[in-house]
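Numbering-wise, the sequence shown is residues 3 to 173 according to the numbering used here. Since the structure comes first, as C-alpha cells, the remarks are kept for the end.
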Amino acid sequence: FVRRSRSMHLFPPNRPRPTTSVAERALHEALSTCQLDWTVFHSLRMRSRGGWEGEGDFVIANPHAGLLVLEVKGGAIEERDGLWFQNGRQLDKPPRDQGLSFVKRLISELTPPYGVATAFPDCDFSRPPSNGDLRDVVLGRRDLSHLSVALPSVFKHAVPEGRVPTNRKWL
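Right, here's the structure in full:
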C-alpha cells in the first residue's frame, strides 16, 4: 500500500544532520522529494545500556511493512575478492555488515520486520552489484530521481514479509 499524496516524513526535515558525506546529503535531498507516506531518520544514533554506540545512515520506516536500514557509501566503490574499497581504501567492514550491526541493536528495542540495503549515490551502475546479499537491495545515482518507485522495490526485497505491530509506537 503506497499513498502518493503525501511526502516522506524526513528527520531532520530541512537538511541532513551535519555530515561530511556528499552521498548522504544527496540521498537526503532525493528523499525530501519522495512521494511515499513513510518516515525516514537520517543518521539515527543509539546507545545501548551496555555502552555500545552506533548509527544508521538512514532508517526508513514503512508503517505497513517494517524497517529498512540504508547504509550509504559515496565516492568510488569497489568489491574485490570479498573485500570492499571506497576511493581506493579498504573498508573496515563491508557496507552491508555495518547496516546489519546497527539494525540488530535497533531491533532489540523494536519488533517490526526489518532489512538492510545499500545506497551508492555517486555510482552510475551499468549493472548493479549482483552478489547474493546485494541482489535487488542496492540504490545508485540513477535511482535518486525516482525514489518513489525504486525505494519500494528495494524495501520489498530487503524486508521480509512479516507481522507489522498494530501499535504504531515502534514508528
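All C-beta atoms, glycine included, are put in the ideal place defined by N, C-alpha and C.
Determine the DSSP secondary structure at glutamate 81, reduced to helix, strand or coil. Here glutamate 81 carries a strand assignment [DSSP, helix/strand/coil].
Buried or exposed: which applies to threonine 120, given that a residue is buried once 16 or more other Cβ atoms fall within 10 Å of its Cβ? Flag for threonine 120 reads buried.
Rounded C-alpha distance that separates valine 42 from histidine 148: Roughly 16 Å separates the two Cα atoms.
Return the chain-ordered list of same chain residues with a C-beta closer than 6 Å to the C-beta of valine 139, the five sequence neighbours on each side being excluded. Within its own chain, the residues whose Cβ lies closer than 6 Å to the Cβ of valine 139, once the five positions on either side in sequence are excluded, are Ala119, Val156, His159, Ala160, listed in chain order.
Rounded distance between the beta-carbons of glycine 56 and arginine 19, thought under 8 Å: Not really, about 15 Å apart at Cβ, beyond 8 Å.
Segments of 4+ residues assigned as alpha helix (DSSP H) that fall wholly inside the stretch 103-128: If only uninterrupted alpha helix (DSSP H) runs of at least 4 residues are considered, none is enclosed by the stretch 103-128.
Glycine 90 versus leucine 141: straight-line alpha-carbon distance, rounded: In a straight line, the C-alpha of glycine 90 is about 21 Å away from that of leucine 141.
Compare the C-beta of cysteine 36 against all C-beta atoms of chain C and say whether one is closer than 8 Å. Among the protein chains of the structure shown there is no chain C, as only one such chain exists.
Look at the Cβ atom of glutamate 26, then the Cβ atom of valine 105, and state whether they are nearer than 8 Å. Taking C-beta atoms as the reference points, glutamate 26 and valine 105 fail to come closer than 8 Å.
Within this structure, are the beta carbons of leucine 46 and leucine 33 separated by less than 8 Å? Not a contact, by the Cβ cut-off of 8 Å.
Based on Cα-Cα distance, which residue from Ile109, Ser132, Arg82 lies nearest to glycine 68? It is Ile109 whose Cα lies nearest to the Cα of glycine 68.
Proline 131 to arginine 137 span [Cα, whole Å]: The C-alpha of proline 131 lies about 7 Å from the C-alpha of arginine 137.
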